[in-house]
Amino acid sequence: MSVAFGDEDSQKHSLKCNMLHLYDDLPDEVDNITDMFSQGIFYGRLRLNSFGFRWKEEIIKDDGTKKRVNHAVGAVGGSMIWKSAVLNGFSIGAGAYMAQSFGSLDSEEATLYKAGKGVLSRYDVLTEDVEYMAVLAQAYLQYTHQDTSFKAGRQIFESFLTRSNDTKMIPNTFEGITLHSKVIPDTSLKMAYFTKQKLRDHSDFHHLLATGELIDNQPEELFTQNDDSAMHFGLQLSKLQARGIDDNLIVIEAKNESVENLTLTMNYTAVPDLISSAMIQADYRFYMGGLSIIPGLRYMQQFDDGAGEIGGANLKSNTEGYNDPDSLDTELYAARVDIVEDAFKLRFGYTKVADKGDILAPWRGFPTAGFTRAMAQYNWYANTESYMAQLDYEFEMIPEFKIISRFVIQDFDDEKLGVQADSNVFTIDLLKGLGEGPLYLKTRYAHVMGDDNTVFGNVIKADPSYDELRLEINYLF
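In terms of numbering that gives the first Met the number 0, the sequence shown opens at residue 0 and continues consecutively.
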């Protein structure tokens, strides 16, 4: 089943269904520095992204303070990626991105944007009323020798818990050094050491596992550091600095396919003195009649190396209902099965997080991805069970037209105050590539049906129900 728009053989770059950028035509090797620059390749992209968001129930307090309001937001912009030719194994790459946003809310209400917040910097809007971003998100030096490459600088790095997640206007990127190698037979290995991150809605690089301070009458300070939706907001930068902790990120990931039809993936991710995790996943393919059956299992264990004592077991630091309020030790169990026939794929998935601490993963890689995660959902709080059915279909009668639909049941822990109420999520994605042309269209719709009567003590949890519509247009050149 095809996973990319367009004819990859007829253009220099293309997009996957999840907006992962593919470079189908790469610069050649050269023998002098002049050709290294003159024979580089530019990859251009124009982009429009728009979001409409409607809560089932808006929340406006008696004093007029808005907590939830319906809204729309979007942006136009683009990017220019440049890759030099290769000279004696060395090459250079850079990526400049720009986005001009427009929304229905006033500047002082920028904190109320939901998924569409990724097209603007809330810090810039709140402090300077600036609704555009211009960022050099990639800038690196690369050295390649045979099956191994090293890269230093600002870059995209795709792993279990670190992703570009380029579904807004500017990808999530990192600053540091990486290694990619295929020296070991049937094995791909990647390693990284990062000192900074730039989330999609930031115009500057920032800390990897430290959030800004929540100061009265200065909400913008919260958005100076890692303010990802999956961030632990008890890990404030001042607390880490007081303990002398540098929140640098280490990643080691390997994928092995030495056994026929079996793929093993292993990952280790750590921020020393705060948190670490290990993951192993096995996927096996076998055939039954005309069907391809692919069962998969994932196990992840998270180790609390100090973050729990600083911020608590809950990502919002609301630990009421947790067995050990100061520990982020936990496990994730996941299982799925894919049934594939030509252009048709059906997936059933299940995930379970142990009744311990929440999983900490604010780098745009999702612990439940590929098993039970639906658009804009975060289902890795403690003691959460999720079930998913997903249908993918590529139409033969309509070239380059795909549909991806999911239904997810999310059973959160009602006895934990810092965890949302239960919800059922239906999403549908419609994706259209225009033949061999460079124009790509993507529409996404989500309908979330939440429990509006979850009571914990004297508190009724907020109803998570909403509807969201997204439209994205990309033009590559």
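Even for Gly, the Cβ is constructed at its ideal location relative to N, Cα and C.
- Beyond the five residues adjoining it in sequence on each side, A281 comes within less than 6 angstroms, by CB distance, of L263, L296 in the same chain, given in chain order.
- Within the same chain, no residue comes within 7 angstroms of D215 by CB-CB distance, once the 5 residues on both sides are set aside.
- In summary, A342 is exposed, with fewer than 16 beta-carbon neighbours lying within 10 Å of its beta-carbon over all protein chains present.
- Secondary structure of Q137 (DSSP, three-state): strand.
- Membership of T126 in the alpha helix (DSSP H) is indicated by the continuous run 121-127.
- Counting every other CB atom within 10 Å of its CB across the protein chains shown gives V336 a total below 16, marking it as exposed.
- Counting of Cβ neighbours within 10 angstroms places V124 among the buried residues, the total reaching 16 or more.
- When C-beta atoms of the segment 362-376 are compared with those of the segment 305-325, fewer than three pairs fall below 8 angstroms, so the two segments do not count as touching.
- Excluding the 5 residues flanking it on each side, Q99 has same chain C-beta neighbours closer than 8 angstroms at A74, V75, G76, E130, Y131, in chain order.
- For G348, there is no enclosing alpha helix (DSSP H); the residue is part of the beta strand (DSSP E) that begins and ends at 343-352.
- In the structure shown, S326 adopts coil according to DSSP, grouped into three states.
- Shown here for M190: same chain residues with a beta carbon closer than 7 angstroms to its own, the five before and five after excluded, namely T177, L178, V250, I251 in chain order.
- Listed as beta-bridge partners of Q376 by DSSP are no residues whatsoever.
- By the Cβ criterion, the segment 31-47 is not in contact with the segment 186-203, since fewer than three pairs of Cβ atoms, one from each stretch, lie closer than 8 angstroms.
- In this structure, the alpha-carbon of I91 lies about 46 angstroms from that of K66.
- In terms of Cβ geometry, S148 and Q154 do not form a close pair [threshold 8 angstroms].
- DSSP, read as helix, strand or coil, puts M35 in helix.
- According to DSSP, residue pairing for S148 in a beta bridge involves T143, H179.
- By the C-beta density criterion, L273 is buried, having at least 16 other C-beta atoms within 10 angstroms.
- Non-local C-beta neighbours of L207 in its own chain, meaning closer than 6 angstroms and more than five positions away in sequence, comprise Q196, D246, L248, ordered along the chain.
- One alpha carbon belongs to E259, the other to T186, and they sit about 13 angstroms apart.
- Under a 10 Å Cβ-count criterion, K167 is classified as buried, with 16 or more other Cβ atoms of the shown protein chains found around its own Cβ.
- Checking the DSSP bridge columns, you'll see Y112 has no partner listed.
- Spatial neighbours of I80 in its own chain (CB-CB distance under 6 angstroms, excluding positions within 5 residues in sequence) are listed in chain order as Y42, G94.
- Exposure of T64 is indicated by the presence of fewer than 16 other C-beta atoms within 10 angstroms of its C-beta.
- If the five residues before and after Y22 are omitted, its C-beta is found closer than 6 angstroms to the C-beta atoms of H12, all from its own chain and listed in chain order.
- Using a Cβ-Cβ distance cut-off of 8 angstroms, the segment 387-396 and the segment 286-294 are not in contact, since fewer than three pairs of beta carbons, one from each stretch, lie closer than that value.
- With 16 or more neighbouring CB atoms inside 10 Å of its own CB, V418 falls in the buried class.
- Comparing alpha-carbon positions, the option among R121, F476, N473, D466 lying closest to R53 turns out to be D466.
- Cα atoms of I183 and S257: separation of roughly 10 angstroms, rounded to the nearest angstrom.
- Beta-bridge analysis with DSSP links Q301 to S276, T329.
- For F455, the closest alpha carbon among the candidates A375, L438, L416 is that of L416.
- Cβ-Cβ separation between E471 and K441: approximately 4 angstroms, consistent with a contact (criterion under 8 angstroms).
- Among the bridge pairs identified by DSSP, D466 is matched with R53, H446.
- In this chain, the alpha helix (DSSP H) harbouring S237 covers 236-241.
- Residue pairing by DSSP puts G102 in a beta bridge opposite V72.
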